[in-house]
Each structure stands twice: as structure tokens, then as C-alpha cells.
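>
Numbering (the UniProt record's numbering), first residue to last: 1 to 475.
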């Protein structure tokens with residue numbers, strides 16, 4: 001099947017809400033791209049906050065997010081995704097406005113409180129909505145394509161931001177944060193307008209009334225525990241470094257310009273958007289844990305490449321090293337995003353999907369708490385070599401964790417085609433794995449083109465869905 005043909009078939013399978021979701025992602029994330037590469041530079045070089053404190057302040061986003069993630073997941077299951085996404089998006093708008101005019105660590109912390117609330121609430125709600133709308137093999141494709149579109153918006157924003165911002169003109173940074181706030185009006189308008197009937201809420205089926213739904217009970221499932229640890233390490237090594245460690249290393253150790261950093265994020269986008277569909281075709285039907293191992297190897301090489309830039313600071317070779325890092329890192333990302341979210345939602349029962357995604361989000365926030373702090377401390381004390389070695393070692397650890405996870409989940413949850421698993425549905429599942437999410441019919445949440453979907457998790461017809469910021473983050 002060609003990529004074009006596969007894309008057309010995928011689009012034709014999507015219900016109306018899925019098409020709304022994908023159609024608006026890039027526009028909504030454009031504002032985030034304006035600020036993502038330059039937040040730590042803004043705090044340190046424009047507002048005069050020392051690098052170590054800047055990293056600590058940025059970690060507050062994840063601290064605040066972690067504090068609300070648990071309640072956010074439970075409320076998503078009870079109130080529905082639409083209400084929670086509306087609250088999260090409004091909080092992000094307010095946070096961006098406050099940050100645009102922040103001049104002291106206290107006001108920066110206030111802005112990050114709003115942003116942390118937004119990120120902590122939006123992830124469980126957004127991923128739960130995707131999983132309820134799309135099922136079967138299309139779910140893995142959906143997460144991958146959504147990720148590509150998120151990065152398209154972020155990458156274009158990064159290019160524009162790199163051209164606009166100037167550390168000698170603070171007003172340019174104020175402008176990009178205000179633009180980020182304005183971009184949040186798009187999802188707010190959609191949620192209050194054409195998507196006002198969407199809620200994304202599921203009722204527990206009768207046979208699951210006695211199933212434990214507490215976070216502790218969910219984490220007692222061995223496969224969930226290993227998946228959570230894997231998500232934490234991957235976030236620390238990857239996304240926990242992208243807003244603080246990587247830009248700080250590129251500027252302070254490799255000595256490259258803000259334009260090079262902005263271009264690096266553009267290359268990141270080009271690789272993801274250009275290769276995501278190809279990668280999705282290549283990994284279809286492959287074990288997701290094996291794909292993750294390949295990604296871990298790519299990330300290890302990418303961090304080594306960035307380290308080379310620190311050996312030849314301020315040179316063309318340093319700029320090339322930064323760009324090479326981002327290219328390899330992006331290629332790894334195309335393998336990450338279709339795997340971890342898909343495993344999480346294939347493990348989760350519909351009525352607990354918000355809580356399962358909240359656990360995943362909590363692991364992500366934990367990595368983003370530790371990442372900027374460690375990066376800020378090591379780089380401030382001129383321990384660039386230790387910094388790179390730590391990240392490479394983390395990539396090696398991810399391979400080991402992925403192998404342990406593989407032993408705990410069923411082949412179907414691990415990405416093998418469900419059709420191949422159906423004849424064996426009555427057999428014993430893999431250790432610690434519940435069979436219910438595996439044998440669920442592939443077509444349960446899909447509708448034929450031109451028809452309205454009939455989906456169990458929703459009690460009223462869906463009109464669409466809206467994407468909110470995904471820290472692509474694991475968006």
C-alpha cells in the first residue's frame with residue numbers, strides 16, 4: 001500500500017470528531033512553537049535570571065502539572081474530556097500572557113503555575129478522547145499523524161520565533177508569548193462552538209463494576225508499572241531536555257546562535273513531518289517495544305553528536321553538530337509517539353482511560369521536573385561531559401526497560417495486528433496482562449465514511465474534537 005493510498009484510507013475511516021482533531025492541530029500548536037526553543041533564553045538572557053534558577057523555575061511547570069494530573073485523570077473519566085480541555089486551554093492562555101510581561105522569578109513562577117495546570121489537565125483528557133474516537137490499528141497511526149501535525153505547527157513557529165526574537169530587544173519575546181496566548185483562542189472557539197456536544201465520557205460496563213479503579217490498583221499491574229518507568233526515563237532523556245538542557249548546551253557550551261537553535265527545531269519538524277508516514281508504514285505490525293529499542297539507540301547517537309559541538313564551540317562544526325543532533329532525535333521521535341501512547345490506551349479499559357493516561361502524564365511530568373534541574377545544575381557547573389554521558393546512559397537503560405515491558409504485555413498490545421490474535425483470544429495472556437483491551441473488536445469506535453459513529457464511550461453523538469497543546473510532547 002502506498003503512503004498516499006494509506007493516508008486516504010485512514011482519513012476515510014475517521015469519524016467526524018477524528019477529522020476535526022487532525023484538521024486543527026497544526027494551527028493550534030503554532031504559538032507553542034514560537035516560544036518552545038526560547039523560554040530558557042528569555043529567562044536567562046533577557047530577564048537576567050541565572051541559568052540554574054531558570055532551570056529550576058521551568059521545572060515548576062512539571063511540578064504543578066504533576067500535582068493536578070491525578071485529579072485531572074479522575075475528572076476526565078467523570079466529567080468528560082471537553083470540559084477538562086476547555087479549562088486547560090484557558091489556563092494556558094492566561095499563563096502565556098503573564099509570562100510575556102514577567103520580570104521577576106515570582107511572576108515567572110505564577111505564569112508557570114497556569115501553564116503547569118494546563119499541561120497536567122490536558123494530557124489525560126486529550127489522549128483519552130483520541131483513544132475513544134479511534135480504535136484498532138488506526139489508533140497507532142492516529143497518534144503518529146497527530147504528532148507529525150503537532151510538530152509541523154511547532155516547527156513553523158520555531159522558525160518564525162528564531163527570526164523575530166532578539167535578546168537585545170525584550171519586546172520581541174513579549175510578542176511571541178502573546179502570540180502563543182492568541183493561538184489558544186482556536187481550541188477555545190472550537191470547544192465552545194462546533195464541538196460543544198463532545199464530552200468523551202465512558203460509563204463502566206456492568207461486568208467491570210468490581211474492577212479496582214484507584215491509581216494504586218492500576219499501578220499494581222506489572223505492565224503498567226514498567227510502562228510508567230519507561231515513560232519517565234524517556235522523558236528525562238528526551239523532552240525533559242528540549243526546553244532547557246538542549247538550548248542551554250547549544251548556546252553556552254557549543255556557542256551557537258539563536259538562529260541556529262531555531263533552525264534546528266525547524267529541521268526537527270521537517271524530519272518528523274517528512275518521515276512520520278514512512279515510519280508508520282515500516283513499524284506497522286512490528287512489536288512496539290522493539291521499535292522503542294531502535295529509537296533509544298538513535299537518541300544515544302544524537303546526544304553524542306550534540307556533545308561533539310561542545311568540543312568545537314562557536315564553529316561551523318558546532319552548528320552542524322547541533323543540527324545533526326536534532327535530525328537524529330527527530331527520527332527517534334517518529335518511533336516514540338506511535339508506541340507509548342498506543343500501548344497505554346490498548347491496556348486501558350474505556351471507563352478508566354483518563355486515569356491510565358494520567359499515570360502516563362505523571363511519568364512524563366516527573367521526567368520534565370528532573371530534566372531541567374539536572375541540566376541547569378550540571379551546565380552551570382561546567383560539567384557538560386557528565387551531562388552528555390548521563391543522557392547516553394539513560395538511553396541504554398531504556399533498552400533494558402523496554403525488554404522488561406515486552407515480557408509483560410500481550411502481542412496485540414505490543415502492536416501485532418489484532419486480527420492475527422483473535423483465533424488465540426481464549427489462550428493465556430502474557431504475564432500480568434489483562435486480555436480485555438486485546439480482544440476488543442477493531443471496528444468498535446470507527447464508522448464508515450459518511451456515517452455517524454456509534455461509540456460505546458459516548459452517550460451522545462460527537463461533533464468533533466479539539467487538540468490542545470501536546471508536549472509532544474509522549475501529545
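Positions of the beta carbon are idealized from the N, C-alpha and C atoms, including for glycine.
1) Three-state secondary structure (DSSP) at residue 353?
2) Under the three-state reduction of DSSP, which class applies to residue 196: helix, strand or coil?
3) On the criterion of 16 or more Cβ atoms from any shown chain inside 10 Å, does residue 368 qualify as buried, or is it exposed?
4) Going by the beta-carbon positions, is the gap between residue 305 and residue 334 smaller than 8 Å?
5) Compare the C-alpha of residue 264 against each of 321, 28, 71 and name the closest.
6) So what does residue 166 bridge to, in DSSP terms?
7) Give every residue of the same chain whose Cβ lies closer than 7 Å to the Cβ of residue 68, excluding the five residues on either side of it in the sequence, and list them in chain order.
8) Quick one: any contact between the stretch 216-227 and the stretch 24-34, if contact means 3 or more CB pairs under 8 Å?
9) So, are the CB atoms of residue 114 and residue 91 less than 8 Å apart?
10) Determine, using beta carbons only, whether residue 355 and residue 74 come nearer to each other than 8 Å.
11) Which same chain residues, not among the five before or five after residue 184, have their C-beta less than 6 Å away from its C-beta?
12) What is the residue span of the alpha helix (DSSP H) that residue 101 lies within?
13) Answer with buried or exposed for residue 381, where buried requires no fewer than 16 other C-beta atoms within 10 angstroms of its C-beta.
14) Might you give, ordered along the chain, the residues of its own chain that have their beta carbon closer than 7 Å to the beta carbon of residue 160, omitting 5 neighbours on each side?
15) Could you check what DSSP says for residue 337 in three-state terms: helix, strand or coil?
16) Of all the beta strand (DSSP E) runs that stay within the bounds of the stretch 257-291, which reach a length of 3 or more residues?
17) Please tell me whether residue 359 and residue 276 are closer than 8 Å, where the distance is taken between their beta carbons.
18) Whether or not the stretch 373-393 and the stretch 45-52 are in contact is what I'm after, with contact meaning three or more pairs of Cβ atoms, one per stretch, closer than 8 Å; do they touch?
19) Pull up the distance between the alpha-carbon of residue 284 and that of residue 416, whole angstroms please.
20) Assign residue 310 to one of three DSSP states: helix, strand, or coil.
21) In the structure shown, what three-state DSSP assignment does residue 413 receive?
22) How close, in whole Å, do the beta carbons of residue 177 and residue 363 come, if the pair is a contact with beta carbons under 8 Å?
23) Let me make sure I understand the geometry here. Which of 343, 374, 395 has the alpha-carbon closest to that of residue 128?
24) Under a Cβ-count criterion, where at least 16 other Cβ atoms within 10 Å of its own Cβ denotes burial, should residue 44 be classed as buried or exposed?
25) Can you find the residues in the same chain that come closer than 7 Å, C-beta to C-beta, to residue 401, ignoring five residues on each side of it along the sequence?
26) Kindly indicate which residue of 245, 309, 71 has the alpha-carbon position closest to the one of residue 37.
27) In or out: residue 187 buried (at least 16 other Cβ within 10 Å) or exposed?
28) Take every Cβ of the stretch 264-274, pair it with every Cβ of the stretch 394-414, and state whether three or more of those distances are shorter than 8 Å.
29) Apart from the five residues on each side of it in sequence, which residues of its chain come closer than 6 Å, Cβ to Cβ, to residue 63?
30) Can you name, in chain order, every residue of its own chain whose Cβ lies under 7 Å from the Cβ of residue 298, other than the five neighbours on each side?
31) Look up residue 383 in the DSSP assignment and say whether it is helix, strand or coil.
32) Hey, would you say residue 219 sits closer than 8 Å to residue 26, going by beta carbons?
33) If the criterion is Cβ atoms closer than 8 Å, does the pair residue 310 and residue 253 meet it?
34) Answer yes or no: do residue 300 and residue 392 have a C-beta to C-beta separation smaller than 8 Å?
35) State the CB to CB distance for the pair residue 46 and residue 173, rounded to an integer number of angstroms; the pair is presumed to be in contact (CB under 8 Å).
36) So residue 218 is in the alpha helix (DSSP H); what residue range does that whole segment cover?
According to the data block:
1) Helix, per DSSP.
2) The three-state secondary structure of residue 196, taken from DSSP, is coil.
3) The Cβ neighbour count for residue 368, taken over all protein chains shown within 10 Å, is at least 16; the residue is labelled buried.
4) In this structure, residue 334 does not lie closer than 8 Å to residue 305 by Cβ.
5) Relative to residue 264, the option among 321, 28, 71 whose CA is nearest is 321.
6) Residue 166 is bridged to 169.
7) Hits under 7 Å: 117, 120, 121.
8) By the C-beta criterion, the stretch 216-227 is judged not to be in contact with the stretch 24-34, since fewer than 3 inter-stretch pairs fall below 8 Å.
9) The beta carbons of residue 114 and residue 91 sit closer together than 8 Å.
10) Yes, these two residues count as a Cβ contact at 8 Å.
11) Counting only Cβ-Cβ distances below 6 Å, and skipping sequence neighbours, we find 89, 92, 93.
12) Run containing residue 101: none; DSSP gives neither H nor E here.
13) Under this definition residue 381 is an exposed residue.
14) When the five nearest sequence neighbours on each side are left out, the beta carbons in the same chain lying within less than 7 Å of the beta carbon of residue 160 are those of 34, in order along the chain.
15) Coil at residue 337, not helix or strand.
16) DSSP runs (the beta strand (DSSP E)) wholly in the stretch 257-291: none.
17) Taking 8 Å as the Cβ cut-off, residue 359 and residue 276 do not qualify as a contacting pair.
18) The stretch 45-52 is in contact with the stretch 373-393.
19) Cα-Cα distance, rounded: 8 Å.
20) Under the three-state reduction of DSSP, residue 310 is assigned to helix.
21) Three-state result, residue 413: coil.
22) Actually they are not in contact, since the Cβ atoms of residue 177 and residue 363 sit about 28 Å apart, beyond 8 Å.
23) A check of alpha carbon separations from residue 128 across 343, 374, 395 identifies 343 as the nearest.
24) Residue environment: residue 44 is assigned as buried (16 or more neighbouring CB atoms within 10 Å of its CB, all protein chains considered).
25) When the five nearest sequence neighbours on each side are left out, the beta carbons in the same chain lying within less than 7 Å of the beta carbon of residue 401 are those of 226, 229, 230, 233, in order along the chain.
26) Relative to the Cα of residue 37, the nearest Cα in the group 245, 309, 71 belongs to 245.
27) Counting Cβ neighbours within 10 Å, residue 187 comes out buried, since at least 16 surround it.
28) In short, these stretches do not touch, since the Cβ pair count stays below three.
29) Here the set comprises 369.
30) Same-chain partners within the cutoff: 328, 331, 332.
31) The DSSP-derived three-state label of residue 383 is coil.
32) Result no, Cβ atoms of residue 219 and residue 26 do not sit closer than 8 Å.
33) Closer than 8 Å, so yes.
34) In contact: residue 300 and residue 392 (Cβ atoms closer than 8 Å).
35) Confirmed, Cβ separation roughly 5 Å.
36) In this chain, the alpha helix (DSSP H) harbouring residue 218 covers 215-219.
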